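For the sequence shown, the numbering used here assigns the number 1 to the initial residue and increments by one for each residue that follows. Accompanying notes for the structure given below.
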Amino acid sequence: MADWNEQIVAEFRANGGTVTTMGFGRSLVLLHHTGARTGTARVSPVFAIRDDEDTWLVAASKAGAPEHPAWFRNLLAHPDTVVETPDDGTVPVHARELTGAGRDTAWARFTAASDGFRGYQEKTTRTIPVVALTRRTP
1 MADWNEQIVA EFRANGGTVT TMGFGRSLVL LHHTGARTGT ARVSPVFAIR DDEDTWLVAA
61 SKAGAPEHPA WFRNLLAHPD TVVETPDDGT VPVHARELTG AGRDTAWARF TAASDGFRGY
121 QEKTTRTIPV VALTRRTP
């Protein structure tokens, strides 16, 4: 998985945010996060939905795996981070897990955007978290 992520990150950066691999187009962001236990700086390509001018939504689906992706745990520990976007460049953001109706409404946008997300939820017993990445002043 690390090699695949590195390939996607390189393609994103080389093409100004466009990733043709698997037809991602301009739907990804590069999420920077710091290891909750290790403190290691990491970058993960994740599918994002632009909620408004200052907010991107990301779903911690991990393709329906039984556990949350490491980046989600890392954001809970270190919510102030940056995200590389196709249109706005590198943006400082604050990560906040959505809950209740806010999460459900956001999740519906993911399943409407891609049948893959619906399948991910069907594969796992966990509720897939949705995180709002909101622009902040550095």
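Virtual Cβ for every residue (Gly too), placed ideally from N, Cα, C. None of these values were measured; they are calculated from a predicted model.
Once DSSP output is grouped into helix, strand and coil, what is the label at residue i?
i, result
"Ala60", "coil"
"Gly17", "coil"
"Gly23", "helix"
Between residue i and chain B, is the shortest Cβ-Cβ distance under 7 Å, so that the two count as touching?
i, result
"Val43", "Chain labels in this structure do not include chain B; a single protein chain is all it has."
With respect to the beta strand (DSSP E) encompassing residue i, which residues constitute its N-terminal and C-terminal limits?
i, result
"Arg96", "89 to 97"
"Asp135", "Looking at the sequence shown, residue 135 is not Asp but Arg. Per DSSP, Arg135 belongs to the beta strand (DSSP E) from 130 to 135."
"Thr127", "Premise fails: Thr127 is in no beta strand (DSSP E) and is neither H nor E."
Hey, quick one: how far does the alpha helix (DSSP H) through residue i stretch, first residue to last?
i, result
"Thr111", "100 to 113"
Could you give the C-beta distance for residue i and residue j, rounded to a whole number, given that I count them as a contact under 8 Å?
i, j, result
"Arg136", "Pro86", "Wrong, their Cβ atoms sit about 19 Å apart, outside the cutoff."
"Pro163", "Arg103", "Examination of residue 163 is not possible in this model, given that the chain is present from 1 through 138 alone."
Under 6 Å Cβ to Cβ from residue i, same chain only, skipping five residues before and after it: list those, please.
i, result
"Gln121", "Ile128"
"Arg109", "Ile49"
With a CB to CB cut of under 7 Å and the five nearest residues on each side skipped, what residues in its chain are close to residue i?
i, result
"Lys62", "His68, Pro69"
Requested in this report: Any chance you could list the beta strand (DSSP E) runs of at least 3 consecutive residues sitting entirely within the region 38 to 86, in chain order?
Outcome: 41 to 52, 55 to 59, 80 to 85
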